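Those letters in the sequence shown? Residues 25 to 446, by our numbering.
In this text, a Cβ means the ideal position worked out from N, Cα and C, and glycines have one as well.
Note that the structure is a prediction, hence the values are computed from the model and not measured.
Inspection log for the structure reproduced underneath, given as structure tokens.
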Amino acid sequence: MRTLVVIATLAALAGTALAQSKRYPPEPADKDEEAAQKSSLWESATNPHRRPYESAIAEAQQLLEERTPENALLAIAKLDEAIKLMPDEPKAYRIRGDAFMVAKDWAKCTADLQAALAHTKRVDAEAKNVGEVRKRLGLCQARAGKLADAERTLAEAAASGGSSGEVWMRLGEVRIAMGKLEEAIAALEAAADQTDVSQAMVRWLLAGAYDRARRPSDAAEKARKALEIDRDASTLRANTLPYLGTGERDYLLGLAYSNFDPPKPEYALMYFRRFLKIAADSPWRKRAEDHVKELKATVLPETVERRSGAAQVDLEAARAAVRKLMPQLRACLAKAPNFVLEVQITKVGPRTPAAPGARRTYAPPEGITILASEPADPSNPPTQADKDTAIRCVEPIAAKIALPAVKDKDAYYKAVFSVVAP
Numbered sequence: 025m026r027t028l029v030v031i032a033t034l035a036a037l038a039g040t041a042l043a044q045s046k047r048y049p050p051e052p053a054d055k056d057e058e059a060a061q062k063s064s065l066w067e068s069a070t071n072p073h074r075r076p077y078e079s080a081i082a083e084a085q086q087l088l089e090e091r092t093p094e095n096a097l098l099a100i101a102k103l104d105e106a107i108k109l110m111p112d113e114p115k116a117y118r119i120r121g122d123a124f125m126v127a128k129d130w131a132k133c134t135a136d137l138q139a140a141l142a143h144t145k146r147v148d149a150e151a152k153n154v155g156e157v158r159k160r161l162g163l164c165q166a167r168a169g170k171l172a173d174a175e176r177t178l179a180e181a182a183a184s185g186g187s188s189g190e191v192w193m194r195l196g197e198v199r200i201a202m203g204k205l206e207e208a209i210a211a212l213e214a215a216a217d218q219t220d221v222s223q224a225m226v227r228w229l230l231a232g233a234y235d236r237a238r239r240p241s242d243a244a245e246k247a248r249k250a251l252e253i254d255r256d257a258s259t260l261r262a263n264t265l266p267y268l269g270t271g272e273r274d275y276l277l278g279l280a281y282s283n284f285d286p287p288k289p290e291y292a293l294m295y296f297r298r299f300l301k302i303a304a305d306s307p308w309r310k311r312a313e314d315h316v317k318e319l320k321a322t323v324l325p326e327t328v329e330r331r332s333g334a335a336q337v338d339l340e341a342a343r344a345a346v347r348k349l350m351p352q353l354r355a356c357l358a359k360a361p362n363f364v365l366e367v368q369i370t371k372v373g374p375r376t377p378a379a380p381g382a383r384r385t386y387a388p389p390e391g392i393t394i395l396a397s398e399p400a401d402p403s404n405p406p407t408q409a410d411k412d413t414a415i416r417c418v419e420p421i422a423a424k425i426a427l428p429a430v431k432d433k434d435a436y437y438k439a440v441f442s443v444v445a446p
């Protein structure tokens, strides 16, 4: 009897499965994919070059995992061998284009990615990589100085449907470099609506586009939104791809520091000056000169921060005291425009004599600490001697600043301000 029940149950389950299979038929096979697989299997069996070709590609891909220029050159040598074996196959061209991108050889990257697209057929397994190849081709074309080609490539990729947010962002970046600001803004706003892209970088690029389009309130809004997710503007320093246009990094950092809360005009001035020094032919020089003119008119320091300590301090009075000696302080950096000095002055109130064996309330000793910022030009940092000379000049002047005294016992505050070249 039990055996009959089991058989009946299995029959019912089979009937249910059959009904479900009719109700939910299997997904139709991808005929193009099947054709590509059959073609690949057939060629593997008939073409003696297929196996060494795939072996060379595998070795190259392993070398590229670390993304170092040295390994990229080794990978390129492997891919050279693969392409000699099967010059009509797209895969090795695509991967060698990636290797040239790591090596920052933009012209060869462009040539290889164009070859990869030219050799890709609709039925190739490589056809699924076309969107990514177009994006990378646009990146390489732009950095090879072929901005019009890059715009066309990225616009086609964006219009093809299903494009990533990065494609729109890179299209906006190229259009900024071409001076097409309104079209750049449209592309970047489209990128900002997507999630698969660095939202911080999109907003920094938008801030730069709006600023150059003479829309300062929009530029400030985008910069503040960028700082909400990138509070120290580290994205601008960590960008792995070269910027389009000489001094672009410095220009965007100048905007970033102008919109810090509180603003840091000393740093903004340093970066805009750096831009003007190196970007002699930039179409944005006039706009940068406007920023420098405005920043030079600012009475510095714009703010004095209380960095630590529980003592109350009148920051307006502290700022007024620093401003009296600021011209002398800035004169110390007249020959050092490549960095900013951060001056920290510690003020301590009267100390309560500690009873024998009692633990004294902590307060640091009064004094001045002066630190040099990162250089505006990392490739040409100031020497330690230059920094030491500026610090030795600033220190005795800073010691004369009449900051508000601390009245509370065993309390202190640390006031911090910056000094930049005049």
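Euclidean distance between Cα positions of residue i and residue j
i              : j              : result
valine 126     : lysine 204     : 29 Å
lysine 108     : glycine 162    : 26 Å
tryptophan 130 : valine 198     : 15 Å
valine 364     : alanine 439    : 16 Å
alanine 224    : glutamine 336  : 36 Å
leucine 34     : alanine 149    : Because leucine 34 carries a pLDDT of 39, less than 50, the predicted location of this residue cannot be relied on, and the following value inherits that uncertainty. So the two alpha carbons sit approximately 42 Å from each other.
aspartate 285  : leucine 251    : 9 Å
lysine 424     : tyrosine 281   : 28 Å
threonine 407  : alanine 208    : 40 Å
arginine 26    : serine 79      : Bear in mind that the predicted position of arginine 26 carries a pLDDT of just 43, short of 50, making it too unreliable to give a figure here.
alanine 426    : leucine 349    : 10 Å
proline 325    : leucine 137    : 51 Å
proline 266    : proline 307    : 18 Å
alanine 435    : aspartate 338  : 15 Å
tyrosine 437   : glutamine 165  : 54 Å
proline 420    : isoleucine 392 : 9 Å
valine 191     : alanine 216    : 11 Å
glycine 179    : aspartate 305  : Looking at the sequence itself, residue 179 is alanine, so the reference to glycine does not match. Going by the C-alpha atoms only, they are around 27 Å apart.
arginine 255   : leucine 276    : 14 Å
glycine 155    : valine 147     : 15 Å
lysine 114     : isoleucine 253 : Before going on, a small fix: residue 114 reads as proline here, not lysine. Distance between the alpha carbons of proline 114 and isoleucine 253 is about 40 Å.
tyrosine 386   : alanine 262    : 39 Å
proline 405    : glutamate 398  : 8 Å
glutamine 86   : leucine 260    : 30 Å
serine 45      : threonine 264  : Residue placement at serine 45 is flagged as unreliable, the pLDDT there being 44, under the threshold of 50; the coordinate-derived value follows with that caveat. Computed Cα separation, rounded: 50 Å.
Residues that DSSP places opposite residue i in a beta bridge
i             : result
threonine 370 : Gly391 and Lys438
serine 332    : Lys438
valine 443    : Leu365
alanine 396   : Leu365
CB contact flag (residue i, residue j, <8 Å)
i              : j              : result
alanine 231    : leucine 293    : no
alanine 358    : alanine 445    : yes
arginine 309   : alanine 303    : yes
glycine 196    : aspartate 220  : no
lysine 159     : alanine 140    : no
methionine 193 : valine 226     : yes
alanine 334    : proline 428    : no
glutamate 390  : threonine 370  : yes
glycine 269    : alanine 355    : no
alanine 99     : leucine 88     : yes
alanine 168    : threonine 134  : yes
asparagine 283 : arginine 239   : no
alanine 409    : asparagine 362 : no
arginine 449   : leucine 103    : A query on residue 449 cannot be resolved here, the shown segment of the chain reaching from 25 to 446 and no further.
arginine 118   : asparagine 153 : yes
alanine 233    : leucine 212    : yes
alanine 142    : alanine 84     : no
glutamate 313  : leucine 300    : yes
Proximity to residue i [Cα-Cα], best of the options
i             : options                           : result
serine 442    : Thr413, Pro402, Pro420 and Leu395 : Leu395
aspartate 242 : Ala179, Leu229 and Asp412         : Leu229
serine 258    : Thr370, Ala233, Ser222 and Asp235 : Ser222
arginine 273  : Arg297, Asp112 and Lys288         : Arg297
valine 346    : Pro361, Thr327 and Arg331         : Thr327
alanine 82    : Glu206, Glu105, Thr92 and Ala210  : Glu105
serine 332    : Pro388, Ser306, Pro289 and Lys411 : Pro388
glutamine 352 : Ala216, Cys417, Val430 and Val367 : Cys417
threonine 376 : Lys431, His315 and Lys128         : Lys431
glycine 373   : Gln218, Lys433 and Ala179         : Lys433
lysine 132    : Asp112, Lys170, Met110 and Arg176 : Lys170
histidine 73  : Pro402, Glu90, Asp112 and Arg91   : Asp112
*Ignoring anything shorter than 4 residues or poking outside the region 151-222, list the alpha helix (DSSP H) runs there in chain order.*
154-167, 171-183, 189-202 and 205-216
*What residue ranges within the region 110-155 form continuous alpha helix (DSSP H) runs of no fewer than 4 residues, ordered along the chain?*
114-126 and 130-143
*Curious, which full-length alpha helix (DSSP H) runs of at least 4 residues does the region 243-328 contain?*
Taken in chain order, the complete alpha helix (DSSP H) segments of 4 residues or longer contained in the region 243-328 are 258-262, 272-282, 289-302 and 309-320.
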